[in-house]
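Everything below concerns the one structure shown next.
Number of protein chains: 2
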Amino acid sequence: MRIGELAKQVGCDVETVRYYEREGLIAEPERDQSGYRSYGVSHLETLQFIRHGRSLGMKLVEIRQLLNFRHHPDGDCSGVDALLDVQLERIEEQIAAMGTLKEQLIALRAECEQRQTNRGCGIMRSLNQAVQIRQCPCHRDESV
Amino acid sequence: MRIGELAKQVGCDVETVRYYEREGLIAEPERDQSGYRSYGVSHLETLQFIRHGRSLGMKLVEIRQLLNFRHHPDGDCSGVDALLDVQLERIEEQIAAMGTLKEQLIALRAECEQRQTNRGCGIMRSLNQAVQIRQCPCHRDESV
DNA sequence: GCACACCCTGTAGTAGCTACAGAGTCAAGA
DNA sequence: TCTTGACTCTGTAGCTACTACAGGGTGTGC
Chain B
1 MRIGELAKQV GCDVETVRYY EREGLIAEPE RDQSGYRSYG VSHLETLQFI RHGRSLGMKL
61 VEIRQLLNFR HHPDGDCSGV DALLDVQLER IEEQIAAMGT LKEQLIALRA ECEQRQTNRG
121 CGIMRSLNQA VQIRQCPCHR DESV
Chain C
1001 MRIGELAKQV GCDVETVRYY EREGLIAEPE RDQSGYRSYG VSHLETLQFI RHGRSLGMKL
1061 VEIRQLLNFR HHPDGDCSGV DALLDVQLER IEEQIAAMGT LKEQLIALRA ECEQRQTNRG
1121 CGIMRSLNQA VQIRQCPCHR DESV
């Protein structure tokens, strides 16, 4: 199959497929007599693997590691498990950080309830201050 | 004050200050006789404003808008309020998306409980499948 | 006079694509 | 047979918000 068909099957862009090839994530395919890339099932599978990982928020370096494990099917899968654990840890950290950010934004938003000029707006006044723990409304509750 | 002092006061890198200048976020400062940038209080305040916004997850385009509002102190601050509301909306969306991702990762992680080869590992087997709603364990509960 | 910290400009790199330009190829219809 | 449109090719530049040099000049304290 040609690159357009492949991209369609996995639901990504043609350019993305070529990008993965350049990055060495998928093997260089054969070319037909016109110089067009010609893909087989194994390419499709690898590409699905990559896109599946990406859909779970994995980075390409991590997917590269997983592909490495995949090339050693008889190896112990503890590396895979560890990689997943790292993903989970990271996403939990991100969720926590975002939660903090949300609280900060809510506190800041509350500084301007009624219509004001930009000069008088509590949000603008707060932003004009340095980020200081326990000083500006959005960073008031932050721990030191 | 010189760039090093300025950067220290707001807690960012010297290169970042120069970057903001290139981007037009802070005004070009005067130069002393050696060609060194010479900053005043207004530069410090603008930089604090920018860093404060960044610490709240705002993008530079958004901060640019806020700086614009700041240049019109007598204007109505509804634009500021709206911008904050967009921030909040965005972060709530992100938190929700991350929550989904976390559930997916947990489901995937559960596919491999005991030690296996890479070939037999439930995680690897799932990743080999296409991302299919209600088909792979991590995307089983996703809505269509 | 020297060492060392600071400053300058300009350029390249990061992540993961996306979006062209400019050219070639293929298949179907008039 | 000619043309049209969809596809493919390579190579390069752009996106975000910095960060990290290289290679050079300047300022200060001892």
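Here the protein sequences come in this chain order: B and C. Going left to right, the first sequence walks through residues 1 to 144 as the working numbering numbers them. Going left to right, the second sequence walks through residues 1001 to 1144 as the working numbering numbers them. Even for Gly, the Cβ is constructed at its ideal location relative to N, Cα and C. Just so you know, these numbers come straight off a predicted model, no measurement behind them.
Quick one: grab the DSSP three-state call for residue i.
| i | result |
| --- | --- |
| C/D1076 | strand |
| B/A96 | helix |
| B/V61 | helix |
| C/D1013 | coil |
| C/M1124 | helix |
| B/G104 | What sits at residue 104 of chain B in the sequence shown is Gln, not Gly. B/Q104: helix per DSSP, three-state reduction. |
| C/E1023 | coil |
| B/Q135 | coil |
| B/R109 | helix |
| C/L1006 | helix |
| B/L56 | coil |
| C/A1130 | coil |
| B/H71 | coil |
What do you reckon, are the CB atoms on residue i and residue j nearer than 8 Å?
| i | j | result |
| --- | --- | --- |
| B/G79 | B/I63 | no |
| B/R115 | C/D1076 | yes |
| B/L127 | C/G1057 | no |
| B/D32 | C/R1119 | no |
| B/R37 | B/V10 | no |
| B/L105 | C/Q1087 | yes |
| B/G4 | B/V14 | yes |
| B/Y39 | B/P29 | yes |
| B/M124 | C/I1091 | no |
| C/R1140 | C/A1096 | no |
| B/S42 | C/V1131 | no |
| B/Q129 | B/C121 | no |
| B/L6 | B/L60 | no |
Residue i: buried (16+ other C-beta within 10 angstroms of its C-beta) or exposed?
| i | result |
| --- | --- |
| C/A1082 | exposed |
| B/E111 | buried |
| B/H72 | exposed |
| B/R22 | exposed |
| B/V17 | buried |
| B/A27 | exposed |
| B/R134 | exposed |
I'd like to confirm the pairing. Which residues does DSSP put opposite residue i in its beta bridges?
| i | result |
| --- | --- |
| C/R1119 | DSSP output for C/R1119 lists no bridge partner at all. |
| B/E30 | B/S38 |
Item to check | Residues of the segment 64 to 75 of chain B with Cβ closer than 9 Å to any Cβ of chain C, in chain order | outcome: L66, F69, R70, H71, H72, P73, D74 and G75
Checklist entry - Between the segment 1097 to 1120 of chain C and chain B, which residues of the former have CB atoms less than 8 Å from a CB of the latter, in chain order? => result M1098, G1099, L1101, K1102, Q1104, L1105, I1106, L1108, R1109, C1112, R1115, Q1116, T1117, N1118, R1119 and G1120
Item to check | Residues within the segment 12 to 38 of chain B neighbouring chain C, beta-carbon criterion of under 7 Å | outcome: none
Item to check | Members of the segment 1041 to 1052 of chain C that neighbour chain B once the beta carbon cut-off is set at 8 Å | outcome: E1045, Q1048, F1049, R1051 and H1052
Checklist entry - Between the segment 124 to 139 of chain B and chain C, which residues of the former have CB atoms less than 9 Å from a CB of the latter, in chain order? => result M124, S126, L127, N128, Q129, A130, V131, C136, C138 and H139
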